[in-house]
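Heads up: the protein sequence lines correspond to chains R and X, in order. Sequential numbering from 58 applies to the first sequence in the working numbering. Sequential numbering from 58 applies to the second sequence in the working numbering. Okay, so here's the structure we're looking at.
Number of protein chains: 2
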Amino acid sequence: IAKEVAKLLEMKAQLGTDEGKHKFVLKTPKGTRDFGPREMAIRERAFKAIIACFRRHGAEVIDTPVFELKETLMGKYGEDSKLIYDLKDQGGELLSLRYDLTVPFARYLAMNKITNIKRYHIAKVYRRDNPAMTRGRYREFYQCDFDIAGQFDPMIPDAECLKIVHEILSDLQLGDFVIKVNDRRILDGMFAVCGVPDSRFRTICSSVDKLDKMPWEEVRSEMVGEKGLSPEAADRIGEYVQLHGGLELIEQLLQDPKLSQNKVAKEGLGDMKLLFEYLSLFGITGKISFDLSLARGLDYYTGVIFEAVLLQQDNEHVEEPLSVGSVAGGGRYDGLVGMFDPKGRKVPCVGVSIGIERIFSILEQRLEASEEKVRTTETQVLVASAQKKLLEERLKLISELWDAGIKAEMLYKKNPKLLNQLQYCEETGIPLVAIVGEQELKDGVVKLRIVASREEVNVRRESLVEEIRIRTSQC
Amino acid sequence: IAKEVAKLLEMKAQLGTDEGKHKFVLKTPKGTRDFGPREMAIRERAFKAIIACFRRHGAEVIDTPVFELKETLMGKYGEDSKLIYDLKDQGGELLSLRYDLTVPFARYLAMNKITNIKRYHIAKVYRRDNPAMTRGRYREFYQCDFDIAGQFDPMIPDAECLKIVHEILSDLQLGDFVIKVNDRRILDGMFAVCGVPDSRFRTICSSVDKLDKMPWEEVRSEMVGEKGLSPEAADRIGEYVQLHGGLELIEQLLQDPKLSQNKVAKEGLGDMKLLFEYLSLFGITGKISFDLSLARGLDYYTGVIFEAVLLQQDNEHVEEPLSVGSVAGGGRYDGLVGMFDPKGRKVPCVGVSIGIERIFSILEQRLEASEEKVRTTETQVLVASAQKKLLEERLKLISELWDAGIKAEMLYKKNPKLLNQLQYCEETGIPLVAIVGEQELKDGVVKLRIVASREEVNVRRESLVEEIRIRTSQC
């Protein structure tokens, strides 16, 4: 009966829409948004800083298609696989939109038999998640990934990834932050000594991952109730996961009677110590916290994992402080490429992903609060006329300027008023106006007006390009 | 029976795959490709030239989601709608991947009630077409769009779009080209005076559009056979569509006893004359051909249309000359935004789309022929060591360099051989090596090696950043 009722309701709903006039919905899909010129200006500023950092570290750049064969993505994301967007079967291959840039990167390495590369990739990824757009959580969002693939001496590339996060978050001036670090091997060792059965490591790890959103009591009851862990084991985990600190905590755990007996944990702790040594040579340990509660959701991590979190600040400009959480994350995944290689050959990898949407939210909010005027064009000069019937002269002059590489605009009117032309400059921030008039044409000059100072100078036509270059070189 | 057979064959095919060991297919989806570091270097070079041109003309930039509501795209592309990629219905909205950037742009304008904007948008679009990848035809490909929206005096923005195509194709040095120009109103008028019924204008226009791929005889027989046009009407069209030329052809047609009597044709010819005047002020009529056979496939054009074609050249470097065809196209679409506006308010638009994939194919092929070495990183200096046990010193130095904004790399080895470090520079084009050694550390200097000349100089540590900047400033 319930089924039949549902069917009838659906039919009624359909009739409802068909009955009235068809109402066209003018919107972007759920969880997505347009970027207008102002948002793009902010976005490009952030990308510029991020790309400069990746380039500074010697990265190449690659790009992959927005969709992959469905089977390429299958079995890589654990519980999150349900969030993958599939394409409709229109005949031919079954395709899905990429969920991250890491799995396509691993597929690219295996397909091209590349065993050694340092690359970045900035592109959109897609997740059918519950969007929370005010907090920067979207269904279509950018990731900025930097990864180092290859067989190297331990912790050197891992340390560089953390240095990169540190550089980017500092460059973008997002306020205080902390980079939490842990190691999947330390987690696994901890689970083992706490009495978690081997087969439950991953699912218990998923529960630990929720500690940044839920209090320990709720996570504990998920472990015990839903996942059937013994209360004693859960309590032992509870003691470990509240630990966080620096080198001294690593030393302490290396002496821990139980953990130090576990082979993988000991390996993880040894590498963690080495990592801290390198980070101290980089001078960034002040922002690093070795945190046993950090677990990361994805299945494919095998060693070091990390996540950068912005710290809440008392911000006088903003009424309601934005809760942003994690802005970057990553880790080591030594097994992923081998999953794609026909012979299972492994390529060790470590990488970081900058979650740019949350960073945009902060930059946007800050800009609104500051009332800073953002220019959305780079135009150096407006070609204007003071009298009528000078369209041809304006077209000739602007063409000369374009051909000389000057960024120039004009109003698309035959006879625009001078006032309107000057107003256009004020509105859009164009610093100069090149005014052609009857008298100037006769004299072989152009009147150059500096918008800010309202100063006007006559410039010989052949010197105009040079004059514009000099006057806008400080912009 | 046919149905049953199909079912059985499908079952058999499925058994076939399940029987043997599952063979994992390591590939990108049909009609798509990865861009490796070398291809990306070429791609970014082309984008840089295109963006510089768009910026020079005062354009802002926007971005829209990769998918739209399915209904947003419906009824915009005529016969080509069958090539749209749909997403699977996973509950929620029905979505499709964008087919071009023009329809999303029109949706964006209507949604945000924008009546006046000059913007560019560079992004991937998706078409389930038959790929011909060697000729640069893909299912996922970039479009670089520049559009001017707003109510302006006739032909001024239209002329600027053509100027932009001219600048970009010249900047990219793609060889000789011609930009064909026509007007939908001239075509419609021509159809009318040739005796095509009003209702067949669009379908006959589609046939004319095929003239760049088929000889007239075939197009004629499609018109007469498939589309039921009278042979006399087809022959009259046949006479017109072989015409192409410049201002003199426009003048001739303005005197044409039949065409000059048709209102829309006359309007179109008048505007075409004005356009040629403006283009002559821009000094680019040499590459412009008014061509009555140009029709353009898409439904939404209402006025001027144009298409840039590269001309085949005798190229000594290339054995088999690449057939590339159209590399840019566009036109005026004054009705599209109104289709999205609830009250049907129109926003006149004109725009151009650069088909970058074909341009890549040419640039790639040319680069291969030239054997030019393309650098894929920007690294200025490799931090190296001549002796063992200097990892810590290398890490300290590279960190100093990064923090000073120098692009620096090091090998991820504890004790790399000097020869390997120097070889890495040769392979990747790094111009400088900063070598730390016991003696240099004691003396407070770093040995700077210039890779090309093998010259080595000792530089005081505090002057190293400045020295690297000076020595790489010409790069």
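Beta carbons: idealized from backbone N, C-alpha and C, even for Gly.
Would you please verify whether the beta carbon of residue i is less than 8 angstroms from any beta carbon of chain R?
| i | result |
| --- | --- |
| Phe203(X) | no |
| Phe111(X) | no |
| Ile107(X) | no |
| Leu533(X) | Look at the range of chain X in this structure, 58 to 532, and you will see that residue 533(X) is not part of it. |
| Thr89(X) | yes |
| Val281(X) | no |
| Met131(X) | no |
| Glu466(X) | yes |
Nearest chain X C-beta to residue i closer than 8 angstroms, yes or no?
| i | result |
| --- | --- |
| Tyr177(R) | no |
| Arg185(R) | yes |
| Met97(R) | yes |
| Ser520(R) | no |
| Gln147(R) | yes |
| Val118(R) | yes |
| Ala167(R) | yes |
| Glu136(R) | no |
| Trp459(R) | yes |
| Ser530(R) | no |
| Asp157(R) | no |
| Thr191(R) | no |
| Asp143(R) | yes |
| Ile411(R) | no |
Could you give the distance in angstroms between the alpha-carbon of residue i and the alpha-carbon of residue j?
| i | j | result |
| --- | --- | --- |
| Glu289(R) | Pro254(R) | 13 angstroms |
| Arg112(R) | Ile487(X) | 13 angstroms |
| Val407(X) | Arg389(X) | 4 angstroms |
| Leu311(X) | Phe248(X) | 16 angstroms |
| Ile334(X) | Gly360(X) | The identity of residue 334(X) in the sequence shown is Glu, whereas the question assumes Ile. Rounded to the nearest angstrom, the two C-alpha atoms are 17 angstroms apart. |
| Glu125(X) | Leu166(X) | 14 angstroms |
| Arg511(X) | Glu483(X) | 11 angstroms |
| Asp588(R) | Thr172(R) | There is simply no residue 588(R) to check, as chain R begins at 58 and stops at 532 in what is shown. |
| Ile174(R) | Gly115(R) | 10 angstroms |
| Asp313(R) | Leu331(R) | 18 angstroms |
| Trp273(R) | Asp143(R) | 35 angstroms |
| Glu101(X) | Leu355(R) | 32 angstroms |
| Leu448(X) | Leu521(X) | 19 angstroms |
| Lys133(R) | Val384(R) | 22 angstroms |
| Leu65(X) | Ala59(X) | 10 angstroms |
| Lys453(X) | Gly382(R) | 31 angstroms |
| Lys364(R) | Leu489(X) | Sequence inspection shows Glu at residue 364(R); the Lys mentioned does not correspond to that position. The alpha-carbon atoms of Glu364(R) and Leu489(X) are separated by roughly 34 angstroms. |
| Tyr177(R) | Asp391(R) | 18 angstroms |
| Lys270(X) | Leu424(X) | 28 angstroms |
| Glu217(X) | Arg432(R) | 22 angstroms |
| Pro378(R) | Glu429(R) | Note that Pro378(R) scores 42 on pLDDT, short of 50, meaning its location in the model is unreliable and no value can be drawn from it. |
With DSSP as the reference, please indicate the residues paired to residue i in a beta bridge.
| i | result |
| --- | --- |
| Asn515(R) | Lys504(R) |
| Ile174(X) | Ala206(X) |
| Tyr199(X) | Lys181(X) |
| Val235(R) | Val366(R) |
| Ile411(X) | Cys201(X) and Ala385(X) |
| Glu466(R) | Leu439(R) |
| Ser456(X) | Looking at the DSSP assignment, Ser456(X) forms no beta bridge with any residue, so it has no partner. |
| His301(X) | Asp348(X) |
| Arg194(X) | Ala189(X) |
May I ask whether a heavy atom of the ligand NAP can be found less than 7 angstroms away from the beta carbon of residue i?
| i | result |
| --- | --- |
| Glu450(X) | Of the ligands one can find in the structure shown there are none, so the ligand NAP has no counterpart to examine. |
Segment contact flag, the segment 134-141 of chain R with the segment 78-96 of chain R, C-beta cutoff 8 angstroms, min 3 pairs: Result no; under three Cβ-Cβ pairs closer than 8 angstroms.
Residues in the segment 415-444 of chain R with C-beta within 7 angstroms of chain X's C-beta atoms, listed in sequence order? Of all residues in the segment 415-444 of chain R, Thr433, Thr434, Glu435 and Thr436 have a Cβ within less than 7 angstroms of some Cβ in chain X.
May I ask you to list, following chain order, the residues of the segment 479-493 of chain R that have a beta carbon less than 9 angstroms from some beta carbon of chain X? Contact residues of the segment 479-493 of chain R toward chain X are Thr485 and Ile487 (C-beta to C-beta distance below 9 angstroms).
Does the contact criterion of 3 or more C-beta pairs under 8 angstroms hold for the segment 351-358 of chain R versus the segment 238-248 of chain R? Verdict: yes, contact present.
Closer than 8 angstroms is the cut-off here; do at least three beta carbon pairs connect the segment 263-281 of chain R with the segment 291-305 of chain R? Yes, the segment 263-281 of chain R is in contact with the segment 291-305 of chain R.
Select from the segment 339-362 of chain R all residues with a C-beta closer than 8 angstroms to any C-beta belonging to chain X, and list them in chain order. Answer set for the segment 339-362 of chain R: Phe339 and Gly340.
Three or more C-beta pairs below 8 angstroms linking the segment 514-529 of chain X and the segment 497-506 of chain X: Contact between the segment 514-529 of chain X and the segment 497-506 of chain X is present, because at least three Cβ pairs lie under 8 angstroms.
Quick check: the segment 466-476 of chain X against the segment 401-417 of chain X, are there 3 or more CB pairs under 8 angstroms? As far as the Cβ criterion goes, the segment 466-476 of chain X does not touch the segment 401-417 of chain X, which means the pair count is below three.
Quick one, which residues of the segment 246-262 of chain R are near chain X if we go by CB-CB under 7 angstroms, in chain order? The segment 246-262 of chain R vs chain X, Cβ under 7 angstroms: nothing.
At a CB distance below 9 angstroms, what residues from the segment 498-518 of chain R approach chain X? Give them in sequence order. Those would be none; no residue qualifies.
The segment 186-195 of chain X contacting the segment 151-161 of chain X, beta-carbon criterion three pairs below 8 angstroms: Cβ pair count under 8 angstroms is below three, so no.
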